[in-house]
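Numbering (this note's numbering), first residue to last: 233 to 414. All C-beta atoms in this analysis are idealised placements derived from N, C-alpha and C, irrespective of residue type, glycine included.
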Ligand code: GRF
């Protein structure tokens, strides 16, 4: 079966790009049908344009959810992939697409749920940092864990830690989607 994906992102889109390239090269058995952004100037939009992937903007305020829901239902994707989507989705949206929404979080969940996870781990002087891919439920980074990976960050600067985490994220997100979409 060939799969369809919808990706949600708010920022730089390095995870989006890694997934999109892996779909194009057929490493992941899927096509990204749509990128959904909640920030008008998100850098991820440029990446989508370069890759020829359709995108839509929605601020996810109140009733505006219904438009997104209709569009996604028409696509009927296997998964909605959150890749740096900085907005907590409303309960009815999560319920509408139960067990179909996946997120990546830069910590070994349940540690450092929520914002600034990398910075908080770094500020605490942790020697290890994690990356988690999980299903999305109604909470913030609380859904069932699909996979986790840890990396040693001893002696690294914050910038180096961020770079190292992103590298692991790209690889882990692609590998996880390869496995889920076999
Ligand atoms: C990643 O670190 C991801 O774990 C977090 O937001 C960041 C998004 O980075 N949820 P990018 O936009 O994919 O480059």
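Check: Contacts around residue 369, its chain only, beta-carbon distance under 8 angstroms, and the 5 residues preceding and following it disregarded; Outcome: 326, 375 and 376
Check: Proximity test, residue 375 beta-carbon vs ligand 1 heavy atom, cut-off 7 angstroms; Outcome: no
Check: Coil, strand or helix - residue 241 by DSSP; Outcome: strand
Check: Distance between residue 366 and residue 336 (C-alpha atoms, nearest Å); Outcome: 7 angstroms
Check: Whether residue 362 touches residue 339 by CB criterion (8 angstroms); Outcome: yes
Check: Secondary structure of residue 263, DSSP reduced to three states; Outcome: strand
Check: Residue 345 beta carbon less than 8 angstroms from that of residue 372; Outcome: yes
Check: Cβ shell of residue 263 (< 8 angstroms), same chain only, five flanking positions each side left out; Outcome: 234, 235, 236, 237 and 255
Check: Beta-carbon contacts of residue 290 that lie in its chain and below 7 angstroms, excluding the five residues immediately before and after; Outcome: 268, 270, 296, 299 and 300
Check: 6 angstroms Cβ shell around residue 385 - same chain, five flanking residues per side excluded; Outcome: 361 and 393
Check: Distance cut-off 7 angstroms: residue 338 Cβ against heavy atoms of ligand 1; Outcome: yes
Check: Residue 314 - containing beta strand (DSSP E), residue span; Outcome: 311-314
Check: Counterpart residues of residue 337 in DSSP-defined beta bridges; Outcome: 364
Check: Paired residues, beta bridge with residue 384 - DSSP; Outcome: 360
Check: Alpha carbon of residue 390 to alpha carbon of residue 410, nearest angstrom; Outcome: 30 angstroms
Check: CA-to-CA distance, residue 334 to residue 242, given in whole angstroms; Outcome: 15 angstroms
Check: Reduced DSSP category for residue 236 - H, G, I as helix; E, B as strand; rest coil; Outcome: strand
Check: Any non-hydrogen atom of ligand 1 within 7 angstroms of residue 292 CB; Outcome: no
Check: Candidates 329, 382 and 358, of which the one nearest residue 311 by Cα; Outcome: 329
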